[in-house]
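In our numbering, the protein residues as written are 698 to 1122.
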RNA sequence: AGAGGAGUGGCAGAGUGGUCGAAUGCGGCGGUCUUGAAAACCGUUGUACCGCGAGGUACCGGGGGUUCGAAUCCCUCCUCCUCUGCCA
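This is the structure we're talking about:
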């Protein structure tokens, strides 16, 4: 959620940047925020003054009662009941105004970083770099992974349908081992890069959902356990970042670096189509996430560091990839700047998104109330960042599709120690 | 899941209707003393909002209520502990 003070201080800039997201008439939207904030302040002032008077009178009554002067006490009681009514009215107006303000703020996405290009959709994303050799398409009679997994019997979708439904595959044999190897490899690499591993809960309460911005924005995208009011996590970002909700850290503790492996659950309502076959889009998938909490001065340096970490994983897995800077139209609601990493699949003849690393600046920390004491002993909001490092299914798809050959599917060298075999045949 | 108990400042722990935002101890920070350190002593030490400021308001697990006045009384929810039950 945006900070009202920041909106006020950088009004023109905020409007200009929200235009990059195709927000209609940001001047009016942000103008309303400021108006409501002014109203809120005015109500608070009136209310506080009345309460100050009431407190003073109550004290007087106490003293009069003590000295036995009941009559006088009863006399001034009248004024307090008058004040009480007024305070009650103001109290209602106050919470209503505050609620209204929060509701509007919930609908406003993060202000895109200056480097975010304007644009409507993923076609406007900016390619930052490409790495690795893109497999040529001519000499490839490569099979897509949904054929390969059947051929080698390593992922079973039908079985998943029987147990749960579409989008919940069963990994079998070497497929299951490959999953486990990837998780361990990713966690080990994250640990080497200084991320402390955690295993968070995979169900979260409503408060956590609001704090990192999944609610109310993505309400329908999360599975909901109604009986207990808990949501299945769409990403480990939610529980890991929420570990620090309400915290006031010391500046020396920054940056905080955490990594965690979790399954992730997404309803993906209404997003099924031509490009979602096989492992391309699932309701349940595994992911290793990296999260950082940083000093505001360092967050963009940190974003680059995280991007390089993800890239190093792709290089070690010998996958050709590219890095995209997301345009305003494709940028996530809570993000100020996002880099997507995509690997190329020769069999599908297209790029597959395998990671997203984002800087949320203070958008999440403002909701999280995640702060730190700076050198001047002032309490200020920290910046939060996260990234997938990495999501498994499409990595698995790319490994299968890009490494297939006559003799089977060659496993990337770095995974062999984890797997105990070098080829799926 | 049932019965009982408890939730107070960074921690420990008083306070059961009126100068209580809250005693005291520990810890933290600053200082005195010391060649330095420790000890001792003195001072200071929660968060948020409003206000140029003086200052004001709110917060004693969350929400609601009673009262002129609530940490204190009532209702409700949450969490933790103990016992019983159940169970990876």
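Just so it is clear, CB atoms sit at the ideal spot from N, CA and C, and this is done for glycine as well.
Taking residue i as the reference, give the member of the options with the closest Cα.
| i | options | result |
| --- | --- | --- |
| residue 1036 | 1008, 1104, 1014, 948 | 1008 |
| residue 890 | 746, 1116, 739, 956 | 956 |
| residue 1074 | 759, 770, 945 | 945 |
| residue 1135 | 939, 905, 1062 | Since the first residue of the chain shown is 698 and the last is 1122, residue 1135 is not available in this structure. |
| residue 829 | 912, 1115, 1010, 1069 | 1010 |
| residue 926 | 901, 810, 1019 | 901 |
| residue 810 | 997, 1048, 952 | 997 |
| residue 1016 | 1095, 1079, 699, 737 | 1095 |
| residue 877 | 909, 958, 733 | 958 |
| residue 1106 | 776, 805, 846 | 846 |
| residue 999 | 951, 914, 1117, 1029 | 951 |
| residue 935 | 702, 1108, 728, 1061 | 1061 |
| residue 898 | 1053, 939, 994, 1002 | 939 |
| residue 964 | 916, 1050, 726, 875 | 916 |
| residue 993 | 1058, 738, 974 | 1058 |
| residue 942 | 1078, 977, 980 | 1078 |
| residue 988 | 975, 1002, 749 | 1002 |
| residue 861 | 731, 1104, 980 | 980 |
| residue 1082 | 1117, 991, 1068 | 991 |
| residue 973 | 792, 1117, 937, 863 | 863 |
Anyone know if the C-beta pair for residue i and residue j falls short of 8 Å?
| i | j | result |
| --- | --- | --- |
| residue 1055 | residue 1084 | yes |
| residue 1121 | residue 868 | no |
| residue 982 | residue 832 | no |
| residue 881 | residue 1115 | yes |
| residue 1088 | residue 842 | no |
| residue 887 | residue 985 | yes |
| residue 1065 | residue 933 | no |
| residue 948 | residue 1071 | yes |
| residue 777 | residue 751 | yes |
| residue 718 | residue 787 | no |
| residue 794 | residue 699 | no |
| residue 1012 | residue 839 | no |
| residue 923 | residue 931 | no |
| residue 1014 | residue 953 | no |
| residue 816 | residue 1025 | yes |
| residue 857 | residue 865 | yes |
| residue 1019 | residue 1048 | yes |
| residue 801 | residue 729 | yes |
| residue 920 | residue 962 | yes |
| residue 1027 | residue 885 | no |
| residue 1166 | residue 851 | Residue numbering for the chain in the displayed model covers 698 to 1122; residue 1166 lies beyond these limits and cannot be assessed. |
| residue 1052 | residue 1086 | yes |
| residue 1113 | residue 1119 | yes |
On the criterion of 16 or more Cβ atoms from any shown chain inside 10 Å, does residue i qualify as buried, or is it exposed?
| i | result |
| --- | --- |
| residue 721 | exposed |
| residue 710 | exposed |
| residue 825 | exposed |
| residue 960 | exposed |
| residue 723 | buried |
| residue 1076 | exposed |
| residue 1098 | buried |
| residue 893 | exposed |
| residue 773 | exposed |
| residue 742 | exposed |
| residue 1031 | buried |
| residue 1005 | exposed |
| residue 707 | exposed |
| residue 896 | exposed |
Where does residue i fall in DSSP's three states?
| i | result |
| --- | --- |
| residue 759 | helix |
| residue 1075 | coil |
| residue 854 | helix |
| residue 958 | strand |
| residue 1027 | coil |
| residue 784 | helix |
| residue 1041 | strand |
| residue 839 | coil |
| residue 1021 | strand |
| residue 953 | strand |
| residue 739 | helix |
| residue 983 | strand |
| residue 708 | helix |
| residue 1069 | strand |
| residue 874 | helix |
| residue 813 | coil |
| residue 895 | coil |
| residue 729 | helix |
Check: If you pair each beta-carbon of the region 779-786 with each one of the region 755-769, do three or more pairs fall below 8 Å?
Finding: no
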